[in-house]
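To keep things clear, I will list the structure first and then write my remarks on it.
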Amino acid sequence: MSDAAHTEMWEKLNLDISAHDGLLEVLGKFYGDIYLSQENRLKGMEYLDFVLSEVHGLRIKELQDAKATGKKIIGTFCVFVPEELTLAANAVHVGLCSGADAGTDEAEKLVPRNTCALIKSFIGFKLARLCPFTESCDLVVGETTCDGKKKAYEAFGKLVPMHVMEVPQTKTDDAKQLFKSEVLRYKAALEELTGVEITVENLRKSIAIVNEKRKALQRLSRLRAADPAPISGRDALLINQVSFYDDPVRFTQSINTLCDQIEERIAQGEGVVPSGTKRLLLSGCPMAVPNWKLPYVMESSNAVIVGEESCIGSRNIRDLVDESGDCMDEMLDALVDRYMKIDCACFTPNDERMVNVENMVSELKADGVVHYALSFCQPYAHEAIKLQNVLSEKGIPMLSVETGYSMEDVEQLKTRVEAFVEMLD
Amino acid sequence: MFAGIDIGSRSTELVLQKEGTVIHRAQLPTTFSPLEQCRKLLEGYSPECLVATGYGRELVKTLGLPYRVEAITEIKAHALGAHALFPDARTVLDIGGQDTKAISLNPKGGVLRFEMNDRCAAGTGKFLEYTANVFQISIEEFGAYALKGSNPPVINSMCTVFAETEATSLMAQGALPEDIALALHTSVVRRTSTMLKRVGLAFPLVFSGGVANNACIRKLLQEDCGEQGILCVAEEPDMCGAYGASLWAERCCS
Ligand code: SF4
Ligand code: SF4
């Protein structure tokens, strides 16, 4: 696609062209510094480089083409919105990233200053007219998870067409019933928007598509148990990030190809870092594109990241939907069961997350855990304390980090992370 | 001969030692050209290995020195220094010019946990330096001056700028300047004692960094720890980081 065609498309989406050009320039530079500078990168990452370089280009073009054929675009912010239903209604499901500061001053007119960067970012991107994904959406689906998000959706709902799903805060049977009724309500909303009836057939197909995607990502995750680490944590994070907006079938295929390469690499005993490099598990809040600061700091501190215990990571891929159901009700129950296993900190008591972190540490042979909470994120800040206690009883070292998107604290973070890595010796 | 250099935000220290015995120590303000200051400190010495620490630790590698240069964090450097000076030490408190660290150590001197305050001047040497201004006395005399106080009012503000304002208005209300000075010192200790508790304070506690030269802070810290709490202060507390780094230099070469 030519530059002019890009610009024309962005103009049609009513983006602020000069601000958007600025954003792409910064993003490109950042990507170059953090990604393209890596050594021993896997060949298959070229696909990801391409997808990222065209994230606001070809992918948006694809969305516009899909829209032209009558397809609808659904934007989401949280892994609780069942992609299976979206796909069954023949719509496109995208995650809206919110990983950079933009339009913060404007956003702070709609939400309090002590709101996490992720929330400010999605509001800021909308107000500053910077995100072609948001602008392409026919419906944005929110959810009642943390207080910050659910209150922000009240304001955000005035700017975009919104549907808010009620996500319960506990995992009792009643809570599951509630979530099921919300799944039904989302199904009805989709059917109304798209005019497509969700049937046993199309739902079965879409469950399989999403399961395949999650299986490919699970395969990638398992391969990272190898020492030396066959892929950098930054690249693995990128793959997980891209999984939220790429076409699911194409994505699954390229990740499986990449995994084939990784297997060859492991067979030859090769890796991105020397064997014995300290291995870290990154755990906590979601990291949306282009929030690569902490992973970059960690991997510049003589360490490699071997797993992401996060929504852009294990929380999104750990569980599959049971495919054995053969009537609508059973299939919806299977969806509910799968989604209600998500160990988000918005739930209480959420003890399963502690167990999941421990399991990841042992499966991926991590030497320590870096817990990441976005500043002002109550749920994850609470669980950082809880996790610190749980892990220290098991003798697993953990560093708790609180930060936002700005670069001003990079040096301080570096000192903390380096000191933590030294401590693991 | 092995060298350690600690490039902090305020001052830079150099220690040269062999098998733990210090041969040379020197200190210069870091200024805006830290590399220049490092060069000055190192002039005329050629150790087998130099280990840099502190916020400028990576800079030294760009000096093109004719000997091996490595870098470690100040957490590790302080832990090494404290353990060498006081082998029983279980916790380290370092209050420097612009940051504070609390480190808990295992019996072998390895780091178990640490906390750092490096984003805000509260509870650091900068806080004392800034507030000493209100009394128009130098930072070196500030501790002795505060020791004359006996009835400190409460300073509520943790923020350096607001604390200064609070001190000024207390003065206007007629509180004794010595008492206010004591209150400011108390506020630093209060702040650090929370950090110490977070890492799990155990004794002996090694107190290092430039602020360990301040007699009033030492006294208040001892009071805070209680009579049983053993507090150790090195002879030149601001050299602990550089000394630790120099020990690591020796270990790197063996
Ligand atoms: S942390 Fe919780 S609320 Fe946030 S995206 Fe993940 S599941 Fe959703
Ligand atoms: S990071 Fe925390 S505060 Fe922010 S949206 Fe997620 S759960 Fe809410």
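Chains as they are written, first to last, in my numbering: chain A, 160 to 584; chain B, -6 to 247.
Think of the CB as a built atom: it goes at the ideal place given N, C-alpha and C, for glycine as much as any other residue.
This structure is a prediction, so every number in the text was calculated from the model and none was measured.
Residue closest to residue i, alpha-carbon to alpha-carbon, out of the options
i, options, result
"Cys42/B", "Leu21/B, Lys33/B, Lys11/B", "Lys11/B"
"Ile96/B", "Ser39/B, Met232/B, Phe196/B", "Phe196/B"
"Lys268/A", "Leu277/A, Ile282/A, Leu255/A", "Ile282/A"
"Tyr564/A", "Phe239/A, Gly262/A, Glu205/A", "Gly262/A"
"Cys486/A", "Thr331/A, Val359/A, Thr274/A, Phe315/A", "Val359/A"
"Lys588/A", "Glu170/A, Pro556/A, Leu217/A, Ser534/A", "In the structure displayed, chain A extends from 160 to 584; residue 588/A sits before or after that span and is not available."
"Ala225/A", "Phe239/A, His215/A, Ala250/A, Thr245/A", "Ala250/A"
"Asp481/A", "Ile278/A, Gly430/A, Leu362/A", "Leu362/A"
"Ile223/B", "Leu34/B, Gln20/B, Glu63/B, Phe79/B", "Phe79/B"
"Val342/A", "Lys545/A, Asp264/A, Arg272/A, Glu243/A", "Glu243/A"
"Lys309/A", "Leu277/A, Cys290/A, Leu337/A, Val516/A", "Leu277/A"
"Glu517/A", "Tyr498/A, Gly554/A, Ser483/A", "Gly554/A"
"Ser391/A", "Thr436/A, Phe579/A, Asn273/A, Arg344/A", "Thr436/A"
"Ser161/A", "His215/A, Tyr190/A, Ser177/A", "His215/A"
"Lys339/A", "Leu207/A, Glu468/A, Glu265/A, Tyr498/A", "Tyr498/A"
"Cys290/A", "Pro449/A, Asp584/A, Thr574/A", "Pro449/A"
"Lys33/B", "Ala238/B, Val192/B, Leu58/B", "Leu58/B"
"Cys245/B", "Phe25/B, Val44/B, Gln30/B, Cys31/B", "Val44/B"
"Phe239/A", "Ile421/A, Val323/A, Ala543/A", "Val323/A"
"Gly430/A", "Leu417/A, Ala385/A, Val408/A, Met582/A", "Ala385/A"
"Ile527/A", "Ala266/A, Met582/A, Gln328/A, Trp169/A", "Strictly speaking, residue 527/A in this sequence is Gly, with Ile absent from that position. Answer by Cα proximity: Met582/A."
"Gly118/B", "Leu163/B, Ser180/B, Gly167/B", "Ser180/B"
"Ala266/A", "Gly258/A, Leu286/A, Ala259/A", "Leu286/A"
"Asp87/B", "Gly219/B, Ser201/B, Asp172/B", "Ser201/B"
"Thr304/A", "Gln328/A, Arg288/A, Pro320/A", "Gln328/A"
Neighbour flag for residue i against chain B, beta carbons, 7 Å
i, result
"Met582/A", "yes"
is_contact[residue i, chain A] using C-beta, thresh 7 Å
i, result
"Val199/B", "no"
"Lys69/B", "yes"
"Thr84/B", "no"
"Thr185/B", "no"
"Thr5/B", "no"
"Thr153/B", "no"
"Thr23/B", "no"
"Thr158/B", "no"
"Thr124/B", "no"
"Thr93/B", "no"
"Thr161/B", "no"
"Thr14/B", "no"
"Thr179/B", "no"
Expected contact under 8 Å - CB spacing of residue i and residue j to nearest Å
i, j, result
"His138/A", "Ser559/A", "Any property of residue 138/A remains undetermined from this structure, which presents chain A solely from 160 to 584."
"Leu439/A", "Ile464/A", "5 Å"
"Phe107/B", "Ala114/B", "Contact doesn't hold; Cβ gap of about 20 Å is too wide."
"Ala137/B", "Ser131/B", "Wrong, their Cβ atoms sit about 11 Å apart, outside the cutoff."
"Gly47/B", "Gly1/B", "5 Å"
"Glu67/B", "Asp231/B", "Not a contact, Cβ separation roughly 12 Å."
"Ile645/A", "Ser295/A", "There is simply no residue 645/A to check, as chain A begins at 160 and stops at 584 in what is shown."
"Pro27/B", "Gly(-3)/B", "With 8 Å as the limit, Pro27/B and Gly(-3)/B do not qualify as a contact, their Cβ atoms being about 16 Å apart."
"Glu458/A", "Leu441/A", "Going by Cβ atoms, the distance from Glu458/A to Leu441/A rounds to 10 Å, so no, they are not a contact pair."
"Gln412/A", "Lys202/A", "With 8 Å as the limit, Gln412/A and Lys202/A do not qualify as a contact, their Cβ atoms being about 15 Å apart."
"Ala238/B", "Ala70/B", "5 Å"
"Thr245/A", "Leu349/A", "7 Å"
"Lys212/B", "Leu140/B", "7 Å"
"Gly258/A", "Ala447/A", "3 Å"
"Thr588/A", "Ser534/A", "Any property of residue 588/A remains undetermined from this structure, which presents chain A solely from 160 to 584."
Beta carbon shell of ligand 2 at less than 7 Å from a heavy atom: Around ligand 2, the residues selected by a Cβ distance under 7 Å to any of its heavy atoms are Cys275/A, Leu277/A, Ile278/A, Thr304/A, Cys305/A, Gly307/A, Lys308/A, Cys444/A, Pro445/A, Ala504/A, Cys505/A, Leu533/A, Phe535/A, Cys536/A, Gln537/A, Pro538/A, Tyr539/A, following chain order.
Under 8 Å, CB to CB, which of the residues in the segment 563 to 578 of chain A have a partner in chain B? Those residues of the segment 563 to 578 of chain A that come within reach of chain B (Cβ to Cβ, closer than 8 Å) are Asp568, Glu570, Gln571, Thr574, Arg575, Glu577, Ala578.
At a Cβ cut of 9 Å, what residues of the segment 100 to 116 of chain B count as close to chain A, listed as they run along the chain? If the cut-off is 9 Å between Cβ atoms, the segment 100 to 116 of chain B has Gly103, Val104, Leu105, Arg106, Phe107, Met109, Asp111, Arg112 near chain A.
To be precise: take each residue of the segment 27 to 59 of chain B, compare its Cβ to all Cβ atoms of chain A, and keep it if any distance is under 8 Å. Which residues remain? Listed in chain order, the positions of the segment 27 to 59 of chain B with a beta carbon within less than 8 Å of a beta carbon of chain A are Tyr48.
Using a Cβ cut-off of 7 Å, which residues of the segment 131 to 145 of chain B contact any Cβ in chain A, in chain order? Residues: none.
The segment 219 to 235 of chain B: positions lying closer than 7 Å to chain A by Cβ: Under the 7 Å Cβ criterion, the segment 219 to 235 of chain B contributes no residue.
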